[in-house]
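To start, the structure itself, in structure tokens.
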Amino acid sequence: MIEISNIKKNYQNFRLECSLNIAPGRITGIIGANGAGKSTLFKAILGLINLDEGQIKIFGKDSRKLDVHDKEKLGVVLAESGFSEYLKVKALVPILKNMYPDFDKDMFLNKCNNFNIPLNKMIKDLSTGTKAKLKVIVAISHNAEILILDEPTAALSESEAEALFEIVGQLKKEGMGIIFISHRMEEVFEQSDRVTVLRDGEIISTRPSLDAPLDELIRDMVGREISDIYPPKAEHIDYSDSNVMLKVENLTDAKNRFRDINFSLYKGEVLGFAGLVGAGRTEILQSIVNLR
Numbered sequence: 050m051i052e053i054s055n056i057k058k059n060y061q062n063f064r065l066e067c068s069l070n071i072a073p074g075r076i077t078g079i080i081g082a083n084g085a086g087k088s089t090l091f092k093a094i095l096g097l098i099n100l101d102e103g104q105i106k107i108f109g110k111d112s113r114k115l116d117v118h119d120k121e122k123l124g125v126v127l128a129e130s131g132f133s134e135y136l137k138v139k140a141l142v143p144i145l146k147n148m149y150p151d152f153d154k155d156m157f158l159n160k161c162n163n164f165n166i167p168l169n170k171m172i173k174d175l176s177t178g179t180k181a182k183l184k185v186i187v188a189i190s191h192n193a194e195i196l197i198l199d200e201p202t203a204a205l206s207e208s209e210a211e212a213l214f215e216i217v218g219q220l221k222k223e224g225m226g227i228i229f230i231s232h233r234m235e236e237v238f239e240q241s242d243r244v245t246v247l248r249d250g251e252i253i254s255t256r257p258s259l260d261a262p263l264d265e266l267i268r269d270m271v272g273r274e275i276s277d278i279y280p281p282k283a284e285h286i287d288y289s290d291s292n293v294m295l296k297v298e299n300l301t302d303a304k305n306r307f308r309d310i311n312f313s314l315y316k317g318e319v320l321g322f323a324g325l326v327g328a329g330r331t332e333i334l335q336s337i338v339n340l341r
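Have a look at this one:
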């Protein structure tokens, strides 16, 4: 479905150089550290950047020569994308019909029904997991045959991600070729048929998911053996007032998304924040650096 042959793209401090094939009815997971080239490869497939060398064929055609109908066969789901949250789900039908000549209204409505997405609810009133499923249905609603998922579970809890993978698994059974880009390595193993590792713009390895030991994939990602993923914890932290680097007292959000937050960060300390999606972690940290 997609043939990537010896493509090269040069930037001042980075070079992408790789070959890869995407087959129908298979999920190809792509992993790599930040700056490995995942986003550049993603843009190359979608024709968002001009290549210096090589060729990408989609459905047997040069990707630069795809017509409108060919392009509609590509479905894309981004972590940060979507429609106005004040639209009802059923209001997307005329919008999608105007956006895509090949929009399939019946398929869209049937998929929403099959995966329990209420048509009369506003998008803002849907759960995070249901919104994620809706993004996938929108992406394939114009008769897409290839689905590209770029960090689709970044904001999802484990149960919400499982709900999303229910629909992805069904699409795989229907013969769709799927590219799954994620930083959650466990998900890549569980959902992909094969895993491709990118490092410094090159494909280091491609293996069946069942034959991909975690330690070897990490080695492929970083280029060396890792005996300890995290540095050793400090043997002693000075928790005296004189060692406080950051102090937060009675931090409260005007929209009541969090309230009465108090904590201190000490020199040499790693302070972790944990909680479910929507608990307020991101909002708290954004407030500390004046982004809210």
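In my numbering, the protein residues as written are 50 to 341. Heads up, the beta-carbon is just placed ideally off N, CA and C, and yes, glycines get one too. Keep in mind it's a predicted model, so treat the numbers as computed, not measured.
Exercise for the section: Please determine if the stretch 52–69 and the stretch 87–99 are in contact, where contact requires at least 3 C-beta pairs separated by less than 8 Å. Expected result: yes
Practice task
Report the rounded CA-to-CA distance for L259 versus M270, giving the unit in angstroms.
Solution key: Position 210 of the sequence shown, counting from 1, holds the residue named residue 259. Position 221 of the sequence shown, counting from 1, holds the residue named residue 270. Cα to Cα, the separation comes out at about 18 Å.
Problem - Inter-residue Cα distance where the pair is E52 and R64 - result: Mapped onto the sequence shown, residue 52 falls at position 3. Mapped onto the sequence shown, residue 64 falls at position 15. Near 19 Å, if we compare the C-alpha coordinates of R64 and E52.
Practice task
Have a look at R113, D287, G86, G109 and flag the residue whose alpha-carbon is nearest the alpha-carbon of N99.
Solution key: Here residue 99 corresponds to residue number 50 of the sequence shown, with the count starting at 1. For N99, the nearest C-alpha among the options comes from R113.
Practice task
Could you tell me the distance, in whole angstroms, from the CA atom of K120 to the CA atom of P150?
Solution key: If you number the sequence shown from 1, residue 120 lands on position 71. If you number the sequence shown from 1, residue 150 lands on position 101. Each residue's Cα considered, the two are about 11 Å apart.
Exercise for the section: Check the DSSP bridge columns for D151 and list the partner residues they point to. Expected result: Working through the sequence shown from its first residue, we reach residue 151 at position 102. Its beta-bridge partners do not exist; DSSP assigns none.
Practice task
Please confirm if the stretch 180–193 is in contact with the stretch 204–220, defined as three or more CB-CB distances below 8 Å between the two stretches.
Solution key: yes
Handout entry: H118 classed as buried or exposed, judged by whether at least 16 other C-beta atoms fall within 10 angstroms
Key = For the purposes of this step, residue 118 is taken as the residue at position 69 of the sequence shown. H118 is exposed by the Cβ-count criterion.
Practice task
Could you tell me which residues DSSP pairs with N70 in its beta bridges?
Solution key: The residue labelled residue 70 in the question sits at position 21 within the sequence shown. Answer is E52, bridged to N70.
Problem - Uninterrupted beta strand (DSSP E) stretches inside the stretch 94–159 (no shorter than 3 residues) - result: 102–107, 123–127
Practice task
Quick one: grab the DSSP three-state call for E251.
Solution key: Along the sequence shown, one-based indexing puts residue 251 at 202. Looking at E251 - three-state DSSP - the assignment turns out to be strand.
Practice task
Below 8 Å on the Cβ atoms is my guess for S190 versus F152; work out the distance and round it to an integer in Å.
Solution key: The residue given as residue 190 occupies position 141 in the sequence shown. The residue given as residue 152 occupies position 103 in the sequence shown. Confirmed, Cβ separation roughly 6 Å.
Handout entry: Residue span of the alpha helix (DSSP H) that contains D174, given as start and end
Key = Counted from its first residue, the sequence shown places residue 174 at position 125. Per DSSP, D174 belongs to no alpha helix (DSSP H) and is neither H nor E.
Handout entry: Close-in-space but distant-in-sequence residues of the same chain around S133 (CB under 8 Å, 5 per side omitted)
Key = Residue mapping note: residue 133 aligns to position 84 of the sequence shown, counting from 1. I172.
Practice task
Kindly indicate the opening and closing residues of the beta strand (DSSP E) around M294.
Solution key: As a first step, residue 294 must be located in the sequence shown, where it is residue number 245. Element bounds for M294: 293–300.
Handout entry: Distance CB(V244)-CB(I253) smaller than 8 Å
Key = Within the sequence shown, the letter at position 195 stands for residue 244. Within the sequence shown, the letter at position 204 stands for residue 253. No, they are not a contact pair.
Exercise for the section: Identify every residue that forms a DSSP beta bridge with I186. Expected result: The residue you call residue 186 lines up with position 137 of the sequence shown. In the DSSP output, where bridge partners are listed per residue, I186 has none listed.
Problem - Neighbourhood of G364 by C-beta, 7 Å cutoff - its chain only, sequence neighbours within 5 removed - result: Limits of the chain in this structure are 50 at one end and 341 at the other, which puts residue 364 out of reach.
Problem - DSSP bridge partner residues for G78 (one or two, in chain order) - result: Position 29 of the sequence shown, counted from the start, is the residue given in the question as residue 78. In DSSP, G78 forms a bridge with F229, V244.
Practice task
Look up Y315 in the DSSP assignment and give the residues it is bridged to.
Solution key: Start at 1 with the first residue of the sequence shown, and residue 315 comes out as number 266. DSSP lists V293 as partners of Y315.
Handout entry: Contact under 8 Å by Cβ, N162 with K137
Key = What you label residue 162 is simply residue 113 of the sequence shown in a count that begins at 1. What you label residue 137 is simply residue 88 of the sequence shown in a count that begins at 1. Contact flag unset, no.
Problem - Residues near P403 by beta carbon distance below 6 Å, same chain, minus five either side - result: No answer is possible for residue 403: it lies beyond the span of the chain, which begins at 50 and ends at 341.
Handout entry: Sequence-distant residues of its chain with Cβ nearer than 7 Å to N192 (five each side left out)
Key = As a first step, residue 192 must be located in the sequence shown, where it is residue number 143. Answer for N192: E121, K122, D151, D153, listed in chain order.
Exercise for the section: List the residues that DSSP assigns as beta-bridge partners of K57. Expected result: Taking the sequence shown and counting its residues from 1, the one referred to as residue 57 is at position 8. Looking at the DSSP assignment, K57 forms a beta bridge with E66, E102.
Problem - Test item: CB-CB of Q219 and G78 under 8 Å - result: Within the sequence shown, residue 219 is the residue found at index 170, counting from 1. Within the sequence shown, residue 78 is the residue found at index 29, counting from 1. Result no, Cβ atoms of Q219 and G78 do not sit closer than 8 Å.
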